[in-house]
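S.K.: Before I ask anything, here is the structure I am working with.
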Amino acid sequence: MSESSVDWPLLRQAAVEAAQSAYCPYSGLQVGAAALVDDGRIITGCNVENASYGLGLCAECTLVGQLRLSGGGRLVALACRSGEGELLMPCGRCRQVIYEFGGPELEVDGPSGPRPMTAVLPDAFGPEHLPAARTAPEPASARWS
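Residue 21 is where the sequence shown starts when you use this note's numbering, and the numbers rise one by one after that.
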């Protein structure tokens, strides 16, 4: 699936819609993430805050949970938006999380347009850097090629 086959306006709108389901009583910031999977599905996630602030979940993390629950696959393109439609970039932790399931070719929507993960998370650490004995039997990165 190439970047030209990504319907970015649809993905951005799906992220805005996902943000409407956010649980954010502490920050008040609704965050939604939407991603295109290599089989053509669009999956979404939203932020879920917690009274113990450090335990909150970012939208990208709940999106990855949806990816696994709905059959897995490789993330091809990702957009994050606020409930008002403002562009939001994934935090550092989330960049690492989505790299695991999209690899270096994953396109992430940014202020200057979609960019590959190699630009969003340069010199990324991934499953391929772990010793073979500690690598999961079927790492997501096996589907990158």
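C-beta: ideal position from N, C-alpha, C; glycine also.
Identify, in the order they occur along the chain, each residue of the same chain with its Cβ nearer than 6 Å to the Cβ of L49, setting aside the five sequence neighbours on each side.
M.R.: none
S.K.: With DSSP as the reference, label C73 as helix, strand or coil.
M.R.: One detail in the question is off: residue 73 reads as Tyr in this sequence, not Cys. If DSSP states are grouped into helix, strand and coil, Y73 belongs with the helices.
S.K.: In three-state terms, what does DSSP make of G122?
M.R.: helix
S.K.: Taking all protein chains shown into account, do 16 or more other C-beta atoms lie within 10 angstroms of the C-beta of L150, making it buried, or fewer, making it exposed?
M.R.: exposed
S.K.: By a C-beta neighbour count over all protein chains shown, 10 Å radius and 16 as the cutoff for buried, is G112 buried or exposed?
M.R.: Counting Cβ neighbours within 10 Å, G112 comes out exposed, since fewer than 16 surround it.
S.K.: Determine the DSSP secondary structure at P29, reduced to helix, strand or coil.
M.R.: It is helical.
S.K.: Opposite P136 in the DSSP bridges: which residues?
M.R.: E127
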